[in-house]
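Sequence order for the protein chains is A and B.
Taking the working numbering, I'd label the letters of the first sequence as residues 369 to 751.
Taking the working numbering, I'd label the letters of the second sequence as residues 845 to 1929.
By construction, the Cβ of each residue, glycine as well, lies at the ideal position given by its N, Cα and C atoms.
Here's the structure we're looking at; comments come further down.
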Amino acid sequence: MREVEEDDVALKVLHTADWHLGKRFVSFDEADRRKLTRARLEVVDRILNAAESNAVDLVLCAGDLFDVPEPEEIWWKGLAEKLCKRNWTSRPLVLLPGNHDPLTTSSVYNDSHPFRSLLPDWVHVVDCDDFELPIGADGVLFARPCRRQAGESDNALLLPKREPGDERIRIGMVHGSTFDMPNYQANFPIATDAASQRGLNYLAIGDTHAWKIYPPDACPTVYPSTPEQTTFGESETGSVAIVFFRRHGRSPKIRRERVGQWSWRVETITGVAALQALMSEEGLRQTVMRLKFDLRAVPAEFDQVLRCLEEMKGTLAKHGRVGVLLIDRSGLELDTREIESVFADMPDVVQAAVRALKEEEATQPEVAQRALYHLYQMSREPQ
Amino acid sequence: MKLLQVEVEHFGCLRRAKIELGPGLNVLYGPNDLGKSTLTHAIRAALLLPHTSTEAKRFTAWDSDEDPLVKVTFSLPDGRFWQVEKRFGRSSLLRESNDGRTFNAPFKKGREVDAELREKLAWGVPSPATKGIKRGLPTTFLSTVLLGEQANVTEVLNSTLDADTNESARERLTAALSAFAQDPLLKKMLESAQSKVDEAFTATGRRKRGARSPFVTATEQVKQAKASLELLQKRAAESESAIQELAEKNETQDIHEEALLQCRRELEAVEHALAQQEKRRAIASVVTEATERFRSAQQKLEAFQKREADLRDVRAEEQTLEEKKHAAIAQQQQAQQQLRVAEDSLTRSQNQEAEQARQLRRGQLEKQQLELESAASSLAHGREKMNRARALHGQMRQHEVALEQLKEQETEANETSNKSQLVMTRAESALGALDIARRVRRVREVEAELAALQQSKETADKHMAAAKIARDAEAESRKRLRHDLPSIEEVAGMRELLRERDISEARLGGGMAVSVELLQAVGVQGTRDGVALELVENGAMHFDADRAFTLRIGDIARIDVKAGSPEARQAVHDLQERIESEVQPTLQRLGVDDMAALSALVEANDAARRECETLASKALSLAELAAAQYTDFAKLSTLPVRLTELRRDLKDTPKDAAEAAEALLEQLGDDSLEGREAALRTQVEQARADFDEAKSSVHHVATERKLLQQQMDAANQSLDELGVAEPAGGWESAAADLADQSEKLTVQQLAVAQQLTELMSEQAAEVTLLEAALLEAKSSLEQTGQGLEEATRRAGETAKKAAILEGEVKISRPSVEALDIATLQSGVNEAQTKLDELPPALKPVSEEDRQQSADKRDEAKREYEQARDDVRKAEGRLQTVSGQVVVEETERAREALTLAEQEEREIELDYDGWQLLLETLRNAENTEGQHLGQALSLPVSKRFAELTAGRYSKLEVLPGLNAEGVRVGGLLRGVETLSVGTQEQLATLLRLTIAEHLGTMLILDDHLTQTDPDRIEWFRRVLRVHASEAQLIIMTCHPLDYLDAPEMPTGGQTVSRSASGLIHAIDLTELVERSGPAVNAQESS
């Protein structure tokens, strides 16, 4: 479905940001880290595909494309390879250094960095403060890079002002926090009316990971969101903005298009049935899940929980049902109140040990409960 | 464990000795001082003392410089044979053998020999490498029990497992004495928990910190996460500090900018105020002058108008004062008239006639008062007499009632006394009957006891006969027992070997798929996993093999393929070799085909052995039962005599009394006589007490009656003296009349007193009133005189003041009439209007104020510029830090740390749980293990009771297996209270029992020196039974205490073996070469 008629469109732009290539997911184990880090590079293909399928005239990448200024080779080389596979001679793609990957003398964007030499001609890097790129006869892009990881200057207000008589579609691109974001002061703050102050038809920005459009409609300021979520708690992620600039100076139309594949969820389990229901859901393979517990389970339930967790997490021999699973067991307790009955048929000495451990619960409940659980587990093993 | 051979050279007093030992009872005998105890020392040293120990010096040969040498060959339950050879001061060797004859190259040498030996023996002796271990010959519970020295009875009884620093002996005994630790589930649990604990904890229970510790990875991750977080936090703090500093500098700049603006505004205001202030000052001067002129004219006019008003007021006042003067004169005249009237009235009231009339009235009232007082006194006396008479009459009535009651009590007490006497007589008669009944019952009891004893004796005789039959059956069964079979444990060892071989073979499994394509016609045959394959001559053959296959391709080639690693194949080979050397010879020797047949043979023999034991046990218990019954039969001779005596006592009893006693016994039964007698005795006592009480009561009542009569006589006399008879209307009515009269008299007295008081008050008030009126009249006259005088003076003064004012008005009038007030007022208004038209007046300022404001502005400007520079510097610093990036990274690092800490906690919790579980299981096991003492106590007590003919019922053994004491009549007595002989017997039984349970050899070195022949005989039987279970080595100089004469070696032999091979008699005199002069063998026998 098209929001505007093709004839009415003067310019089509894909706007993306915050790829964070090379991001290290330190909270996860090695295998999951690898999955999540690879996912960040894989989404680039889907972004480029979206650009092609929408036949955009320009691709804007508004900063934080790498997680650090000097990423490992695998990431910049991987990106360059993906770009080189495209034959976009008439579709410029512009890379903007953000606060995570600022333009410095040693950064990946520096002219002397091997990354630059691998890039095809149609890929432009905003490596100067007065970057200006004409887009056909009717449009122009102004951009200004972050040169440091922190700063209080508003790069948007430093873009050139529209001169009288300039009728072109003027697009601005900077990276930073708008004034409504927390800690915006030192993170390249952007005035929410900077676009209208500088006479821009569209201000493409990046930094926050959620989709957001600031009015006025005539000259909107847009965060396209990160294409793949980076952590739990983020919302409105996984998309790019397709911008349709209309003729006769009318306000642009913006369409949000999903490119991300992974969804991030936090689930708190309060019962075994809930866990089993969760485990049987479809589509968990592309889910990053943090599983918490608020559950006190009797031994039999505890077993079931552990079996479910093993099935969800997987083993060396078998893939888990959930793509990436982070388990927080702090809220999972073994209910030992009736545990004596489990050992009713066991030898007296085992029952004596159970009673002693129950008494020990008064002084060191967690350790005693764990010991009881071990005992319970051993009692279940085939003799 | 069994000792097979002991060889000694140059060891203490022994120059040389070599002794072969049998599997059962070995009696090594020889005269005193031959070196038997030294032989025991040698065995102990070989098994326990490191060859390097300085303690070995005491074994130095008496007549040689050679190093002492001991070589002990022994077998272990696993069927292996070992030989330890120690040359003290020089070397140690441990060799292994499959057959006990051919020993391989040393298995261990030097220090390792003792470590290996101690592990194999499991006697609780710690490894020599253990820190803090005591040097010299180690002493543990089992080493003391199994290898105890001669006469160490007390040491054996007091030795305890608790003193062992190594748990191997406890574990071994626990396994042997109780099945607790052998529960397979518990064992498995303990192994699993131990395995987990071993992963994470050291032997001392501390967490492992090595590279393979499970804690290390988690701890390392936490450490790294912490370090990373700290670094980031530092960077974040720097960033935060830079942001904060910039914000502060911006704020400071804003403040200074505002201050600068304020200073500028203030300076402008001061300069403006200065100009305005000058203009206002000029106009204000004009206003002041006009106002001054207007105010002066107005003051003159107001002063004139005031004088005119004053004059009018003075004239009016003058008129008023004149009128007041005339009124004062009239008041003075009226006061003089009133004074005269008051003086006349007072004179009249104070004359003599009036006084006499007042006294007459007072006298009448006082007389009436006296008459009323006299009447009241008379009435009170009458009331008192009547009350006294009334009280005496009341007492008389009470005494009469009490007298009647006492008469009734006397009658009742007399009746009670008679009844009690009757009850007493009847109860004493019943007691006599009871005595006869009791004697009759005793006769019956003795008759019954005599009959029961006779029946018991018959039963005991039957038990004794049955015991003899069981013993004969046991002896017959024992003859059929085979002693050449391996033990059940040895069979289990063989089975384990076969199982290991099977497992090892299974490990070879490689899952091979073999394809053979024949390129020409040739016969191919072979086997896969030991199963023959079908012959193939053309085409192809495919088969799967698990462990091995062979192919023979015509006469061209033979292919032999085996799966598995070289180590696995070698393991199978080794096991197979062991089976061929250890299992197959036994099967062949016994003529059985496989292990199943061997097991059946061994189990059948074991069942037969158990049957023997059952028969022996049965015989013993029957004999014990019979013996216990025989002890009471002495009474059979005394009871008839006693019966005769009892019957003689009853002979003189009257017939009717005897019949009554019989009836009573029938009625009450045998057991109720004592109860009945007690009840009757209580009845007699009660009746006697009741009789005594009734007699006492009669005497008391009589005394009471006498006293009461005396009181009544006294009351009658008092009534006569009062002379007051009871009124016709009753005491109550008469008392009411008298009270009514008294009340009326009191009312009259009060009325008269009131009248007298009022009269005296009236007379005094009349005179006082007249005197007050006179004083008032005098005062009024004086006041009116003073008022007239004052009015006259003020009227004069006012007239004079009016004249002065009138003169002044006349003088001022012309100048006042010339003043133009309106013009002056207009001038003032015009000037004021000009002043008001100026802007509102500001606060006064000066040139100094203006200069100060200018200076302040310059200072503010400097401060602002300084603040602006600071902001630029802060901006520069901010650009060097990471800002939001590091905040995000810090957040991630914090999360990572939390997760790492959770993981670490989880691991710690997991392993702490395992540790606690292991500890708890061990404690539970040990708690059960505390019954080890009880487990040991049972068999020892049984034998000890048998030995001592039931004198000592039970031996109490503590959890550490040290003897606590023996039970005698339920009381616990320490073992030290037993005789020396009994102690050594008890110690021997304890040692025997432990050795039996462990299935290991036991050395007894002259252990029964204080034991009498009967008990020696008993031990002889027990030791022979023991010898069928475990090896026993006895060192003695009295071989016939343990052997029958035919069992002794004869014909110059030094060793004789019994037919069963269980009894070895070994004459040491020929086998032991002693240092120094030889001992005469004849003397020893």
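Worksheet item: Does the distance from the C-beta atom of Gly-868 of chain B to that of Leu-1833 of chain B stay below 7 Å?
Response: Here residue 868 of chain B corresponds to residue number 24 of the second sequence, with the count starting at 1. Here residue 1833 of chain B corresponds to residue number 989 of the second sequence, with the count starting at 1. No, these two residues do not count as a Cβ contact at 7 Å.
Worksheet item: CB-CB under 6 Å to Asp-425 of chain A, same chain, minus the five flanking residues each way: which ones, in chain order?
Response: In the first sequence, counting from the first residue as 1, residue 425 of chain A sits at position 57. Contacts found: Leu-379, Lys-380.
Practice prompt. Let me know if Pro-1683 of chain B comes out buried or exposed under the rule of 16 or more other beta-carbons within 10 Å of its beta-carbon.
Written response: Taking the second sequence and counting its residues from 1, the one referred to as residue 1683 of chain B is at position 839. That one is exposed.
Discussion item. Short of 6 Å in beta carbon distance, which residues of its chain neighbour Leu-872 of chain B, apart from the five on each side in sequence? Order them along the chain.
Written reply: Here residue 872 of chain B refers to the residue found at position 28 of the second sequence. Result list for Leu-872 of chain B: Met-1879, Ile-1910, Leu-1912, in chain order.
Worksheet entry | Cβ neighbour criterion (16 or more within 10 Å) applied to Met-1604 of chain B | The count along the second sequence starts at 1 and reaches residue 1604 of chain B at position 760. Met-1604 of chain B comes out exposed.
Fill in: Exposure label - Cys-1456 of chain B; buried when at least 16 CB within 10 Å
In the second sequence, the residue the question calls residue 1456 of chain B occupies position 612. By the 10 Å Cβ count, Cys-1456 of chain B comes out buried.
Worksheet item: Can Glu-996 of chain B and His-1908 of chain B be called in contact, C-beta distance under 7 Å?
Response: As a working note, residue 996 of chain B is residue 152 in the second sequence. As a working note, residue 1908 of chain B is residue 1064 in the second sequence. Residue 996 of chain B is actually Asn in this sequence, not Glu. Against a cut-off of 7 Å, the Cβ pair of His-1908 of chain B and Asn-996 of chain B comes out as no contact.
Discussion item. Less than 7 Å between CB atoms is the rule here; does Ala-721 of chain A satisfy it with respect to chain B?
Written reply: Your numbering for residue 721 of chain A matches position 353 in the first sequence. Yes, its Cβ sits closer than 7 Å to a Cβ of chain B.
Worksheet item: Candidates B:Glu-1763, B:Leu-1802, B:Gly-1519, B:Thr-1764: which alpha carbon is nearest Leu-1782 of chain B's?
Response: Along the second sequence, read from residue 1 onward, the residue named residue 1782 of chain B stands at position 938. Answer by Cα proximity: B:Leu-1802.
Worksheet item: In chain A, which residues lie with their C-beta within 8 Å of the C-beta of Arg-1014 of chain B?
Response: The count along the second sequence starts at 1 and reaches residue 1014 of chain B at position 170. By Cβ distance, chain A contributes nothing, its closest Cβ being about 16 Å from Arg-1014 of chain B, past 8 Å.
Practice prompt. With a 10 Å radius around its C-beta and 16 neighbouring C-beta atoms as the bar for buried, classify Asn-876 of chain B as buried or exposed.
Written response: Residue 876 of chain B sits at position 32 when you count from the first residue of the second sequence. Exposed.
Worksheet item: So is Gly-856 of chain B in contact with chain A if we call contact Cβ pairs under 7 Å?
Response: As a first step, residue 856 of chain B must be located in the second sequence, where it is residue number 12. By this cut-off, Gly-856 of chain B is not an interface position.
Item to complete: Closer than 7 Å by beta-carbon distance: list the chain A residues that pair up with Leu-1753 of chain B, in chain order.
Response: Along the second sequence, read from residue 1 onward, the residue named residue 1753 of chain B stands at position 909. Those within 7 Å of Leu-1753 of chain B in chain A are Glu-734, Val-735, Arg-738.
Item to complete: Determine the extent of the alpha helix (DSSP H) in which Ala-1711 of chain B is found, giving its start and end residues.
Response: In the second sequence, the residue the question calls residue 1711 of chain B occupies position 867. From DSSP, the alpha helix (DSSP H) with Ala-1711 of chain B extends over 1691–1722.
Discussion item. If you measure between the beta carbons of Ala-1128 of chain B and Leu-1679 of chain B, is that distance less than 7 Å?
Written reply: Start at 1 with the first residue of the second sequence, and residue 1128 of chain B comes out as number 284. Start at 1 with the first residue of the second sequence, and residue 1679 of chain B comes out as number 835. Yes; because the gap between Cβ atoms is below 7 Å, this pair is in contact.
Fill in: With 16 other Cβ atoms within 10 Å as the buried cut-off, status of Pro-667 of chain A
Taking the first sequence and counting its residues from 1, the one referred to as residue 667 of chain A is at position 299. It counts as buried.
Discussion item. I'd like to check one pair, Ser-1300 of chain B with Phe-1535 of chain B: are the Cβ atoms closer than 7 Å?
Written reply: Position 691 of the second sequence holds residue 1535 of chain B. Position 456 of the second sequence holds residue 1300 of chain B. Their beta carbons are not under 7 Å apart, which means Phe-1535 of chain B does not touch Ser-1300 of chain B by this criterion.
Worksheet item: Any idea if Met-1845 of chain B is buried or exposed, counting beta-carbon neighbours within 10 angstroms, 16 or more meaning buried?
Response: Locating residue 1845 of chain B in the second sequence gives position 1001, counting from the first residue. Answer is buried; the Cβ neighbour count reaches 16.
Item to complete: Counting only the same chain and skipping the five closest in sequence on each side, list residues whose C-beta sits under 6 Å from that of Leu-1563 of chain B.
Response: Residue mapping note: residue 1563 of chain B aligns to position 719 of the second sequence, counting from 1. Result list for Leu-1563 of chain B: Leu-1236, in chain order.
Discussion item. Considering only the alpha carbon of each residue, which of B:Arg-1285, B:Ser-987, B:Asp-1157 lies closest to Ala-1507 of chain B?
Written reply: For the purposes of this step, residue 1507 of chain B is taken as the residue at position 663 of the second sequence. Minimum Cα distance to Ala-1507 of chain B is reached at B:Arg-1285.
Discussion item. To the nearest angstrom, how far is the alpha carbon of Leu-1118 of chain B from that of Phe-556 of chain A?
Written reply: Residue mapping note: residue 1118 of chain B aligns to position 274 of the second sequence, counting from 1. Residue mapping note: residue 556 of chain A aligns to position 188 of the first sequence, counting from 1. Spanning the two alpha carbons is a distance of roughly 50 Å.
Worksheet item: Looking at C-beta atoms only, is the number of pairs between the region 1127–1141 of chain B and the region 1575–1590 of chain B that lie closer than 8 Å three or more?
Response: no
Practice prompt. For the beta strand (DSSP E) holding Ala-685 of chain A, just list the boundary residues, first then last.
Written response: Position 317 of the first sequence holds residue 685 of chain A. Per DSSP, Ala-685 of chain A belongs to no beta strand (DSSP E) and is neither H nor E.
Worksheet entry | Boundaries of the beta strand (DSSP E) in which Thr-1394 of chain B is found, first to last residue | The residue labelled residue 1394 of chain B in the question sits at position 550 within the second sequence. First-last of the beta strand (DSSP E) with Thr-1394 of chain B: 1392–1397.
Fill in: Leu-1682 of chain B in three-state terms, based on DSSP
On the second sequence, position 838 is the one that residue 1682 of chain B refers to. Coil.
Discussion item. If I follow the unbroken beta strand (DSSP E) through Arg-1051 of chain B, where does it start and stop?
Written reply: Against the second sequence, residue 1051 of chain B aligns to sequence position 207. No beta strand (DSSP E) holds Arg-1051 of chain B; DSSP gives it neither H nor E.
Worksheet item: Under the three-state reduction of DSSP, which class applies to Val-424 of chain A: helix, strand or coil?
Response: Walking along the first sequence from the start, residue 424 of chain A turns up at place 56. If DSSP states are grouped into helix, strand and coil, Val-424 of chain A belongs with coil.
Worksheet item: Rounded to a whole number of angstroms, what is the C-alpha to C-alpha distance between Ser-1577 of chain B and Glu-1570 of chain B?
Response: To locate residue 1577 of chain B, count along the second sequence from 1; it is residue 733. To locate residue 1570 of chain B, count along the second sequence from 1; it is residue 726. Distance between the alpha carbons of Ser-1577 of chain B and Glu-1570 of chain B is about 11 Å.
Worksheet item: Excluding the five sequence neighbours on either side, which residues of its own chain have a C-beta within less than 8 Å of the C-beta of Ala-1871 of chain B, listed in chain order?
Response: Residue mapping note: residue 1871 of chain B aligns to position 1027 of the second sequence, counting from 1. So the qualifying residues of the chain are Gly-868, Leu-869, Leu-1906, Ile-1907.
Worksheet item: Helix, strand or coil: which one does DSSP assign to Pro-502 of chain A?
Response: As a position in the first sequence, residue 502 of chain A is number 134, starting the count at 1. Here Pro-502 of chain A sits in strand by DSSP.
Worksheet item: In chain order, what residues of the region 705–718 of chain A put their CB closer than 8 Å to some CB of chain B?
Response: Met-714, Pro-715, Asp-716, Val-717, Val-718
Worksheet item: According to DSSP, which residues form a beta bridge with Asn-870 of chain B?
Response: Within the second sequence, numbered from 1, the residue matching residue 870 of chain B stands at position 26. In DSSP, Asn-870 of chain B forms a bridge with B:Ile-1877, B:His-1908.
Discussion item. Quick check: the region 1170–1178 of chain B against the region 1613–1629 of chain B, are at least 3 beta-carbon pairs closer than 8 Å?
Written reply: yes
Worksheet item: Would you say Gln-745 of chain A reaches chain B, if we count a Cβ-Cβ gap shorter than 7 Å as a contact?
Response: Numbered from 1 along the first sequence, position 377 holds the residue referred to as residue 745 of chain A. Chain B, which has no Cβ nearer than 7 Å to the Cβ of Gln-745 of chain A, makes this no.
Worksheet item: Should the region 1692–1708 of chain B be called in touch with the region 1093–1112 of chain B, which here means at least 3 C-beta pairs below 8 Å?
Response: yes
Worksheet item: Would you report the Cα separation of Gly-1574 of chain B and Ala-1220 of chain B, rounded to the nearest angstrom?
Response: If you number the second sequence from 1, residue 1574 of chain B lands on position 730. If you number the second sequence from 1, residue 1220 of chain B lands on position 376. Approximately 23 Å, taken between the alpha carbons.
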